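Structure first, commentary second.
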């Protein structure tokens, strides 16, 4: 793996780990994640329960795995949903220019004024807290991010010679967007998507911690943390595992995104 | 007042400066000529102690009797601006864009000489006058982006003079300026050197400016000082093959047109290019491009040989006493 | 210059208006019938009718929006459904708490980030630089609420130096300060990670510029060059990020208040959500969003003050 930046490698390893575990949980977990066993609560780590059990006797490892799956799913949907809308808007703005571009950028500015949390709060107040609301809120904040970055990259491509040539040859703006713009903006978009994945994981955890995300009995790292907080005096390690998982997942995607950015940066000689 | 002896600067395998030896008295004006990569900038930086941290230095350097060859950064900070000052090549970005030029010039005065704001301002005004900036009091309050290139260079010279240094090093002070302004700046530097009895090191690849501004000349190639002597003498009767090539390469209307046989005259050039710093020949740096070299040239480094009392060149082919 | 301010200000007001439309829209249009949301599905038809009249829900949408904005500008944010007091009172009661936390957090963030960022740039490619880069990566990845829990476990449970949460009231200043230490530190550590990286890269960019060499040649010490010449020039991108960080600050403050059970606006929002208190939530969301927009606006104006070159261009 020589020549590849360190953060890319470490990020890829961590991401592989987390995604792998999440995928694995679809088919197998040591125990049923939601199965309670009050008599076996606060169990120590053992061969049966590798990290012990929580306050309701649930196996910690299974919970963590199920939570990993939920976290990845939420992040994936949010980034895909918000990302595709955002990219579409950005491409539209760049291709059409004029007042369309102005309008899209104003909308993006508006989107930036709303942190995900505020959005989720609004949805929760109106519809009640749920995972769907959390996903919607996180998707919404992705739209302006992707719109802005797509438009900026696309604008640069539009000025390139081969695009000018295509326009002169009468190619439609839609065709140019599909054949020339899109492939060339793919790199920065993928980099941004990876970073937004990290953001989404963090956001989902925060929302679940506050009770605005995954509702019981669904497993979530954030919710595990809020439950563990009340039990700090009795079982401190229960507060450590979920937080560690969040950190590893976020770190992984974040490093991966940074690494991808380093290798796709057109200014190859970059002072770090 | 400043003397270098066998000063070397290297970055691992790449030798930027080899056995540089010179000495300057107060009020003397030395020109340093060479192409990019010849080591002339490194020479200038060495005189300020601003050689990059990664470089290895050896040799001795004395500034006003103080040994500075291996001095620390803290020691150099006391020397800079007060004893030695430098003006760099690119005036455009050389001033802090967020500060008024007056404040920039007053800073070393207030810091090193402890002047009050009022007295620093008065001195700044007189400095601006001295370097030929019209309406100095108003100019003090301006920002760098409001000044032209030539004016910025004058401000930089004023800054260098702020604490009355004994030596001013000017590294390509005129390269980034247009010809008219360049001429005036060159003359300004000479005048300042005379009026203040300040030593001047004028680093340039512009032979015309150097001939105008300096009394002694050093020619550099590949980190070596290959020739030195009185400026007029070196330019009129060069000893080193490189210097000869350099002078021959100057466009000269008298030598243009057609020669005796009717062929168009071509501008003479020195064949080849300067090798990278880590791939310089071990002996004479110029070997491989020299039109009169002998086998010994690539292998053995020539010592400085004196043709007369004042002019010397480092070439095996020179007859005459060793340095 | 005046034209520039005018344009920016009108943009600011437009954005605020747009934000208010979004907030009003989501809170009043989406749920269909806010009265139902507030009282729940078991409510009687009479109770619902009474509430609808109370809230003025029978008016046309535009009128309701208009009166909401108009009242808000005069400081009337409606009445809290659950507490039965004007929302404005609830806000003013809890505002000092949130403000203290946010301001203290921001100040600490800036101090930590600038110091770390500049020192990292000064020790570029040496141990200190890598250390800061590594720490900042961690800081970005660590959830604020988890860091808070860890801090509480260390300082409150194990060492018993600081309280694990809650707020004793402003009457005992010392106890109040102690209660605010962990929350402020947790908030600042997480936020400073991003800012430290930006500071470092911005400082490195600036250090490559010619005037830094000039400053060194004038005999100025490394420290002076760094703090008096490099930092002011590095500020422009830093200020941008600080502006963008207000969104994170708002989020962070809300989260931290809930982690530490501090009686501020963040806690109030969550109590209101549980109580289905729509008017309060609406007012608070609008308030927070307005803060973010205002912060960005001020940052925009600050550029012109900081950089005289921009002033020339406007």
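Residue numbers (the working numbering), protein chains in the order written: chain A, 146 to 417; chain B, 181 to 503; chain C, 3 to 316.
All residues carry an ideal CB built from backbone N, CA and C; glycine is no exception.
These numbers come from a predicted model, not from an experiment.
Counting only C-beta atoms, is residue 292(B) closer than 8 Å to chain D at any point? No chain D is part of this structure, whose protein chains are labelled A, B and C.
Rounded straight-line distance, which links the Cα of residue 278(A) to that of residue 396(A): Here the question's residue 396(A) lines up with position 251 in the first chain. Here the question's residue 278(A) lines up with position 133 in the first chain. About 25 Å.
Is residue 360(A) near residue 275(A), with beta carbons less than 8 Å apart? The residue you call residue 360(A) lines up with position 215 of the first chain. The residue you call residue 275(A) lines up with position 130 of the first chain. In contact: residue 360(A) and residue 275(A) (Cβ atoms closer than 8 Å).
List the residues of chain A that residue 257(C) touches, going by C-beta distances under 9 Å, in chain order. Start at 1 with the first residue of the third chain, and residue 257(C) comes out as number 255. Going along chain A in sequence order, the residues near residue 257(C) (Cβ under 9 Å) are 262, 351, 354 and 355.
Please list the terminal residues of the continuous alpha helix (DSSP H) segment that includes residue 267(B). As a working note, residue 267(B) is residue 87 in the second chain. Note, residue 267(B): premise wrong, no alpha helix (DSSP H); beta strand (DSSP E) at 264-267.
Going by CA-CA distance only, name the one from 173(A), 330(A), 297(A) and 325(A) that's closest to residue 306(A). As a first step, residue 306(A) must be located in the first chain, where it is residue number 161. Closest option to residue 306(A), Cα to Cα, is 325(A).
Helix, strand or coil at residue 263(C) according to DSSP, with G and I counted as helix: For the purposes of this step, residue 263(C) is taken as the residue at position 261 of the third chain. Residue 263(C) falls in the coil class under three-state DSSP.
When you compare only the Cα positions, how much space is there between residue 224(A) and residue 272(A)? If you number the first chain from 1, residue 224(A) lands on position 79. If you number the first chain from 1, residue 272(A) lands on position 127. Straight-line Cα distance between these residues: approximately 22 Å.
Report the neighbours of residue 166(A) on chain C: residues whose CB is nearer than 8 Å to its CB, in chain order. Counting from one through the first chain, the residue named residue 166(A) turns up at place 21. Within chain C, no residue comes near residue 166(A); the closest Cβ sits about 17 Å away, beyond 8 Å.
Mapping the DSSP letters down to three states, classify residue 365(A) as helix, strand or coil. Counted from its first residue, the first chain places residue 365(A) at position 220. Looking at residue 365(A) - three-state DSSP - the assignment turns out to be coil, as it is neither helix nor strand.
Residue environment, residue 132(C), which counts as buried when at least 16 other CB atoms sit within 10 Å: Mapped onto the third chain, residue 132(C) falls at position 130. By the neighbour-count rule (16 or more Cβ atoms within 10 Å), residue 132(C) is not buried but exposed.
Could you tell me the alpha carbon to alpha carbon distance between residue 490(B) and residue 395(B), rounded to whole angstroms? For the purposes of this step, residue 490(B) is taken as the residue at position 310 of the second chain. For the purposes of this step, residue 395(B) is taken as the residue at position 215 of the second chain. Distance between the alpha carbons of residue 490(B) and residue 395(B): 12 Å.
Would you call the stretch 372-382 of chain A in contact with the stretch 155-173 of chain C, where contact means no fewer than 3 C-beta pairs closer than 8 Å? yes
For residue 295(A) and residue 409(A), I'd like the C-alpha separation in whole angstroms. Locating residue 295(A) in the first chain gives position 150, counting from the first residue. Locating residue 409(A) in the first chain gives position 264, counting from the first residue. Answer to the nearest angstrom: the Cα atoms are 15 Å apart.
Which of helix, strand or coil DSSP assigns to residue 274(A): Looking up residue 274(A) in the first chain gives position 129. The answer is coil: DSSP assigns residue 274(A) none of H, G, I, E or B.
C-alpha gap between residue 166(C) and residue 210(A), whole angstroms: Indexing the third chain from 1 puts residue 166(C) at position 164. Indexing the first chain from 1 puts residue 210(A) at position 65. Rounded to the nearest angstrom, the two C-alpha atoms are 30 Å apart.
Secondary structure at residue 194(B), three-state DSSP: helix, strand or coil? For the purposes of this step, residue 194(B) is identified with residue 14 of the second chain, where counting begins at 1. Here residue 194(B) sits in strand by DSSP.
In angstroms with no decimal places, state the Cα-to-Cα distance between residue 175(A) and residue 16(C). Sequence index remark: in the first chain, residue 175(A) carries index 30 (1-based). Sequence index remark: in the third chain, residue 16(C) carries index 14 (1-based). So the alpha carbons of these two residues sit roughly 55 Å apart.
Length at least 4, wholly inside the stretch 416-483 of chain B: the alpha helix (DSSP H) runs in chain order: 421-428 and 475-479
Give me the residue from 205(A), 181(A), 182(A) and 184(A) with the minimum Cα distance to residue 190(A). Within the first chain, residue 190(A) is the residue found at index 45, counting from 1. Ranking 205(A), 181(A), 182(A) and 184(A) by Cα distance to residue 190(A) puts 205(A) first.
Residue 411(B) versus residue 361(B): straight-line alpha-carbon distance, rounded: Taking the second chain and counting its residues from 1, the one referred to as residue 411(B) is at position 231. Taking the second chain and counting its residues from 1, the one referred to as residue 361(B) is at position 181. Using only the alpha carbons, I get a separation of about 23 Å.
From residue 168(A) to residue 263(C), what distance separates their C-alpha atoms? To locate residue 168(A), count along the first chain from 1; it is residue 23. To locate residue 263(C), count along the third chain from 1; it is residue 261. Their backbone Cα atoms lie some 37 Å apart in a straight line.
Taking 8 Å as the CB-CB cut-off, is residue 288(B) touching chain C? For the purposes of this step, residue 288(B) is identified with residue 108 of the second chain, where counting begins at 1. Yes, residue 288(B) counts as interfacial toward chain C.
Residue 181(B): which of 244(B), 226(B), 238(B) and 196(B) sits nearest, CA to CA? Against the second chain, residue 181(B) aligns to sequence position 1. Nearest C-alpha to residue 181(B): 244(B).
With a CB to CB cut of under 6 Å and the five nearest residues on each side skipped, what residues in its chain are close to residue 280(A)? Working through the first chain from its first residue, we reach residue 280(A) at position 135. Excluding residues within five positions, the ones whose Cβ falls inside 6 Å are 219, 222 and 223.
What do you get for residue 196(B), buried or exposed, if any count of 16 or more other CB atoms within 10 angstroms of its CB means buried? Here residue 196(B) is taken as the residue at index 16 of the second chain, counted from 1. Result: buried.
Out of 153(A), 202(A) and 184(A), which one is the CA nearest neighbour of residue 177(A)? If you number the first chain from 1, residue 177(A) lands on position 32. That would be 202(A), whose Cα lies nearest to the Cα of residue 177(A).
Round the Cβ separation of residue 249(B) and residue 239(B) to the nearest angstrom and send it over; I've been treating them as touching at under 8 Å. Taking the first residue of the second chain as 1, we reach residue 249(B) at position 69. Taking the first residue of the second chain as 1, we reach residue 239(B) at position 59. About 6 Å; that satisfies the 8 Å criterion.
Are residue 90(C) and residue 138(C) close, meaning C-beta to C-beta below 8 Å? Taking the third chain and counting its residues from 1, the one referred to as residue 90(C) is at position 88. Taking the third chain and counting its residues from 1, the one referred to as residue 138(C) is at position 136. The answer is no: Cβ separation not under 8 Å.
Using only alpha-carbon positions, find the residue among 256(B), 321(B), 415(B) and 273(B) that is nearest to residue 286(B). By one-based count along the second chain, residue 286(B) stands at place 106. Out of 256(B), 321(B), 415(B) and 273(B), 321(B) has the C-alpha closest to the C-alpha of residue 286(B).
Chain-ordered residues of the stretch 201-231 of chain C with a beta carbon less than 9 Å from chain B: 211, 212, 213, 214, 215, 216, 217, 218, 219, 220, 221, 222, 223, 224, 226, 230 and 231
From residue 453(B) to residue 404(B), what does the alpha carbon distance come to, in whole angstroms? As a position in the second chain, residue 453(B) is number 273, starting the count at 1. As a position in the second chain, residue 404(B) is number 224, starting the count at 1. Rounded to the nearest angstrom, the two C-alpha atoms are 16 Å apart.
Which runs of the beta strand (DSSP E), 3 residues or longer, sit entirely within the stretch 278-304 of chain A? none
Can you tell me which residues form a DSSP beta bridge with residue 182(B)? Your numbering for residue 182(B) matches position 2 in the second chain. Answer is 204(B) and 243(B).
Within 8 Å, strictly: CB atoms of residue 336(A) and residue 406(A): Here residue 336(A) is taken as the residue at index 191 of the first chain, counted from 1. Here residue 406(A) is taken as the residue at index 261 of the first chain, counted from 1. Yes.
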